[in-house]
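Down below is the structure, laid out as structure tokens.
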Amino acid sequence: MSTPVDVSRFLPADHSAAMQRTVTDVMASLKGSKILGIGAEVRKLQAEGREICNLTVGDFRPEQFPLPTQLSEGVLKAYRDGQTGYPPADGVPELKAAVARLYKRRMGIDYGPQSVCVGSGARPPMYTTWRLITRPGDRTVSFLPAWNNSYYAHFCETEHTFVPTSAEHNFFPTVEAFAAALKGTRLVVLNSPLNPTGTVVSREVLTGYAQAIVDENRSRGTDRPVMMLFDQVYWLLTAEGIAHHSPVALVPEVAPYIVHTDAISKCFAATGLRVGWGVMPSYMQGRMRALIGHAGAWAPRPEQLATAWLLDHPEEMDAYMVGMRARIAERLGLLYSGIQDMRSRGLPVDAIAPQGAIYLSLRMDLIGRGFESNEEIRSYLLNKAGVAVVPFQAFDMPEDSGWFRASIGAVSPSDLSAALQRVEDAIRARL
């Protein structure tokens, strides 16, 4: 056997310069994820033996949040049955039909399977929506804070506008601000329940958004319409007493202009199974199917078949969701009440009561109290208290406002109780 070639001997010494010469300007200037950067820091400390309560990841530890038994068994059965070939580019017919039935049953919107396009998680339908609708230089809009829009805008070379929101309005824009943002806009992106805040847009406000899109497109006549990407990945994880709505159910005339994106990743703690979909006007489905097909971004056939079975068995699905929501509510409630207890004892902290998803918006009002930035607060909590949170700057909100996202998917109630005490001790040590 010949000696293997040491490839590194033939590569340029200056990797950065070589990358700049080789890849496109758009890809060369692509920024890495701040959340992943924080995660790497957490893993380093854990490898050194530090006890860290990791509230950064939008993921689940299986011992805390297991998959539905029917889903895992269904995947294994499909593998044993030899269901291992390529699926259709837009998803197996069983899953497309099951998604359509789920939306009809739970949201009151009847799209039919012809409007469903399955992908490997929610990201491919999100990205293809951007690709299908926008051209370089188009104006696109999202609202601060929110997940990942800056990266998609960068990929697509759009002129992106971030519209600020406030805690006073649940971190959603007012209807007036939303309507104003539509002028000259090609794509507007909305997420509810919202990552990172865990807040849910109200029926009244969402109705206003949908009507504003209808009114704007009527005024455009035959010009290119404004479209809305409605990311509802967390919609099955709303808190008790809080309802999720589709804009199409509220204002049916908006149907030609809405693309819903969704997945099993959060509601079934199934982030690694990579099954998601878009539900859209049927006139768009063929183009999304083609783009996902060319990218090979389809979900595995066994996972699709198992998902279809679960979605079509609402009693089994709902039984799992009762336990899932209870585990989430226990952890978010513990975290929220712990922060409010600190506040009642005079500490400059606050949080928004849980509404949906797996996130809590918490505020460490420490700017000017020994800290000059969110990053300083984050680093101090990590190193002093062993608690990892994500500043809202990771979601494109520029201000050092003291707002952070805390995610409970990878922690136990006992982890949270211990972490809350360490946070209180760390804050008191600096005041």
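Counting from 1, position 389 in the sequence shown corresponds to residue 963 in the numbering used here; the numbering is continuous, with no gaps. A virtual CB, placed ideally from N, CA and C, is assigned to each residue, including glycine.
Local Cβ density within 10 Å of residue i, reported as buried at 16 or more and exposed below that
i       : result
LEU879  : buried
GLN995  : exposed
ASP593  : First, the amino acid is wrong: residue 593 is Met here, not Asp. Exposed: under 16 other Cβ atoms inside 10 Å.
ASP712  : buried
PHE584  : exposed
ALA900  : exposed
ILE816  : exposed
HIS834  : buried
ALA910  : The residue you asked about is not Ala; residue 910 is Tyr in the sequence shown. Burial call: buried.
LEU780  : buried
TYR1023 : Because the chain here runs from 575 to 1005, residue 1023 falls outside it and cannot be looked at.
LEU956  : buried
GLU905  : In the sequence as presented, Glu is not what sits at residue 905; that position holds Arg. Under this definition ARG905 is a buried residue.
Start-to-end residues for the alpha helix (DSSP H) that takes in residue i
i      : result
VAL649 : 643 to 654
LEU879 : 875 to 885
PRO987 : 987 to 1004
PRO738 : Per DSSP, PRO738 belongs to no alpha helix (DSSP H); it is in the beta strand (DSSP E), 733 to 738.
GLY897 : 888 to 918
ASP789 : 777 to 794
SER953 : 948 to 954
VAL774 : Note, VAL774: premise wrong, no alpha helix (DSSP H); not H, not E.
ALA823 : 821 to 824
SER724 : 723 to 730
Residue i (DSSP reduced to helix, strand or coil)
i      : result
TYR933 : strand
HIS589 : helix
PHE745 : coil
THR714 : strand
GLY960 : coil
ALA925 : strand
PRO699 : helix
VAL853 : strand
GLY693 : strand
ILE941 : strand
PRO687 : helix
Extent of the continuous beta strand (DSSP E) to which residue i belongs
i       : result
LEU1006 : Only positions 575 to 1005 of the chain appear in the structure, and residue 1006 is not among them; the question remains open.
ARG979  : 977 to 981
THR835  : 832 to 837
LEU810  : Segment: none, LEU810 is in no beta strand (DSSP E) and carries neither H nor E.
MET862  : Looking at the DSSP string, MET862 is not in any beta strand (DSSP E); the run it does join, the alpha helix (DSSP H), is 856 to 869.
LEU803  : 801 to 805
The ligand COA heavy atom lying under 7 Å from the CB of residue i
i      : result
GLY782 : No copy of the ligand COA appears in this structure; indeed no ligand is present at all.
Below-8 Å beta-carbon distance, residue i vs any chain B residue
i      : result
GLU778 : Given the protein chain composition of this structure (a single chain), no chain B is represented.
- Task: Kindly provide the ranges of any alpha helix (DSSP H) runs that are 4 or more residues long and lie completely inside the region 599 to 679, ordered along the chain.
- Result: Qualifying alpha helix (DSSP H) stretches, in chain order: 599 to 602, 608 to 621, 643 to 654.
- Query: Counting Cβ pairs closer than 8 Å, one from the region 705 to 723 and one from the region 953 to 971, do we hit at least three?
  - Reply: Because the criterion of three Cβ pairs below 8 Å is met, the region 705 to 723 and the region 953 to 971 touch.
- Message: Does the contact criterion of 3 or more C-beta pairs under 8 Å hold for the region 929 to 941 versus the region 978 to 987?
- Response: Because the criterion of three Cβ pairs below 8 Å is met, the region 929 to 941 and the region 978 to 987 touch.
- Between the region 917 to 934 and the region 753 to 772, do three or more beta carbon pairs fall short of 8 Å? Enough Cβ pairs lie closer than 8 Å, so yes.
- Any contact of the region 828 to 846 with the region 683 to 702, i.e. 3+ C-beta pairs under 8 Å? Yes, the region 828 to 846 is in contact with the region 683 to 702.
- Message: Under 8 Å, with one C-beta from each stretch per pair, do the region 754 to 762 and the region 800 to 812 reach the 3-pair mark?
- Response: Output reads yes: the region 800 to 812 touches the region 754 to 762.
- Query: With a cut-off of 8 Å, do at least 3 Cβ pairs link the region 845 to 861 to the region 652 to 662?
  - Reply: The region 845 to 861 makes no contact with the region 652 to 662: fewer than 3 CB pairs, one atom from each, lie closer than 8 Å.
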